[in-house]
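Protein chains in written order, with this note's numbering: chain Z, 85 to 536; chain G, 566 to 668. Glycine residues also receive a C-beta, built at the ideal position from the N, C-alpha and C atoms. These figures come from a predicted structure and were not determined experimentally.
The structure is reproduced here in structure tokens:
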């Protein structure tokens, strides 16, 4: 038994060359699977309910994918719809699919798998000791923190998606999913070894990132058989080699060959990667161990409102005294706003050119001739952030530090006005593992017809 | 020769919002094994270089098939929230670049 899966790109809406997609479709894959999700861009998308990509880009990609799936009568599976995979993101994706189905005149059966987790269920599980942090630097879950969290999603495993495939859905839209799970689901549904399915999924979910030259914006194919799988880019200008495919398992994971997912641990240490020529690589020896089933919860909450300022500093004396000048600016602001308790706002200074990128982890602290300064004020309301930031800016601009020669001003602003109202800042308030008895129970499936 | 010259890929990236992972990947096995066998790169060494506690390093592993070493550490500030400086964790690799390769 052989199964070929087409992954058009690393994130739905990132785009891919139409020529690659047509070449891939000509190889008659058995399914099109695309990952749409990521937490890479931080907690804002989940917290604010916005998408990673534009609606226009998502529709452009989906149009080709739906045409391909319709032409070959093969399933189209979308993982982590809308980026964060919460109800609002899934609905956003569904509205695009519905629009396209009507435009294409395609009446298709669709399954939606929701991944929103009821908060009271999380609290009840936590009471029983069934919820643990992903790492010690994750905040605790409390009733208060959950109330403030704008909905919690969990990464589904392959099981709910297999159910939707068994039901014969032509389009499957998953809420938040473990990135390789939609690929593994197709593999397992067609009788392949789960270890191979998850390992293939881990490779395919990033598009052609495992090839040279690598990118998340091109089409990749994978073919499973009884003992292993082969991967190759649709565009022959890209090539996979045993090292590029082996090395890809390093990508954005804790460990290079141990991968933990819902109810499983994948061990790739003993894999054999073989060059099949023409940019094609065969993989054998992926091993999988089933472990007590847990799902990863993700939730984001509002943290504060931000106003920030960008400015350049060129005066060498000021560059050598930034810390003392900023301590004095803080003191002046605190004194001016003595009626506002100090814990109601926060002022942060960032020095690009010194340690702007790495902060306290920066080993090289050589002073440059010019510093890019960014400062921000965070407060409970936008109005308060704006007001305090204006005071920080004017205090910094005019502060007469000892020995100053540049008495007309300390900062070079690139913009007028200088203060930028950023809006809400979010934080991940939930990033925990939760034990579940049934891999499908918290991921309800809804069947619909689209294009009617 | 520096690691920057010897390695094929030196990069950092989020591994989830609460950790950053560093990869040094080679395309020639001689250089990979020279670095691995020298014992130069250890969790303690990386902790010192990054001014973090060794307990904050959660994973450290060599993978011969991929010709690479991976070091994962916990973030002091989670991705994309107040005080974060690198939402994708994509520019935290630089201290590794100028290290001299072992003889």
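- Between residue 612(G) and residue 619(G), the gap from beta carbon to beta carbon is short of 7 Å.
- Taking C-beta separations shorter than 7 Å and ignoring five residues to either side along the sequence, the partners of residue 584(G) in its chain run 623, 637, 638, 639 and 640, following chain order.
- Against chain G, the CB of residue 471(Z) has no partner CB under 7 Å away; the residue lies outside that interface.
- Chain-order list of chain Z residues neighbouring residue 617(G): 445, by C-beta distance under 8 Å.
- Spanning the alpha carbons of residue 244(Z) and residue 322(Z) requires a straight line of approximately 34 Å.
- For the stretch 583–601 of chain G, the set of positions with a beta-carbon nearer than 8 Å to some beta-carbon of chain Z reads 583, 584, 586, 588, 590 and 592 in chain order.
- Using a 10 angstroms sphere on the CB of residue 593(G), the tally of other CB atoms stays under 16, which defines it as exposed.
- In the structure shown, the three-state DSSP call for residue 371(Z) is strand.
- In this structure, residue 501(Z) sits away from residue 645(G), with a CB-CB distance that is not shorter than 7 Å.
- In the displayed model, residue 204(Z) falls within a helix according to three-state DSSP.
- Looking at 355(Z), 504(Z), 248(Z) and 511(Z), the one whose alpha-carbon comes closest to that of residue 388(Z) is 511(Z).
- Taking 7 Å as the cut-off, the Cβ atoms of residue 461(Z) and residue 435(Z) do not count as close.
- In the three-state reduction of the DSSP assignment, residue 499(Z) falls in the coil class.
- Comparing alpha-carbon positions, the option among 472(Z), 132(Z), 376(Z) and 439(Z) lying closest to residue 415(Z) turns out to be 472(Z).
- Looking from the CA of residue 654(G), the closest CA among 445(Z), 288(Z), 271(Z) and 427(Z) belongs to 445(Z).
- Residue ranges of uninterrupted alpha helix (DSSP H) with 4 or more members, entirely inside the stretch 87–147 of chain Z and ordered along the chain, are 102–109 and 128–132.
- Residue pairing by DSSP places residue 271(Z) in no beta bridge whatsoever.
- By the 16-neighbour rule on beta-carbons within 10 angstroms, residue 111(Z) is exposed.
- Taking 7 Å as the CB threshold, residue 410(Z) stays off the interface with chain G.
- Non-local beta-carbon contacts of residue 273(Z) in its own chain, meaning distances under 6 Å to residues more than five positions away in sequence, involve 246 and 249 in chain order.
- Separation of residue 581(G) and residue 480(Z) (C-alpha to C-alpha, rounded to the nearest whole angstrom) is 36 Å.
- For residue 283(Z), same chain residues with a beta-carbon under 7 Å away, outside a window of 5 residues either side, are 350, 352, 367 and 370 in chain order.
- Judged by DSSP secondary structure, residue 407(Z) falls within the alpha helix (DSSP H) whose first and last residues are 406–420.
- Under the three-state reduction of DSSP, residue 332(Z) is assigned to helix.
- Sorting 299(Z), 130(Z) and 85(Z) by C-alpha distance to the C-alpha of residue 275(Z) places 85(Z) at the top.
- Around residue 354(Z), the same chain offers 369 as residues with beta carbons nearer than 6 Å, after the five sequence neighbours per side are excluded.
- At least one CB atom of chain G sits nearer than 7 Å to the CB of residue 337(Z).
- Residue 399(Z) and residue 453(Z) have their alpha carbons spaced roughly 8 Å apart.
- Per the Cβ contact rule, the stretch 568–576 of chain G is not in contact with the stretch 155–171 of chain Z (fewer than 3 Cβ pairs under 8 Å).
- DSSP places residue 454(Z) in no alpha helix (DSSP H); its state is neither H nor E.
- Cβ-Cβ distances below 7 Å link residue 277(Z) to nothing in the same chain once the five nearest sequence neighbours on each side are left out.
- Around the beta carbon of residue 487(Z), fewer than 16 other beta carbons lie within 10 angstroms, which makes this residue exposed.
- When secondary structure is reduced to three states using DSSP, residue 316(Z) falls in the strand class.
- Between the beta-carbon of residue 288(Z) and that of residue 122(Z) there is about 15 Å, and that puts the pair past the 8 Å contact cut.
- Contact annotation: the stretch 249–263 of chain Z does not touch the stretch 217–231 of chain Z, with fewer than three C-beta pairs closer than 8 Å.
- Between residue 392(Z) and chain G, the shortest Cβ-Cβ separation is not below 7 Å.
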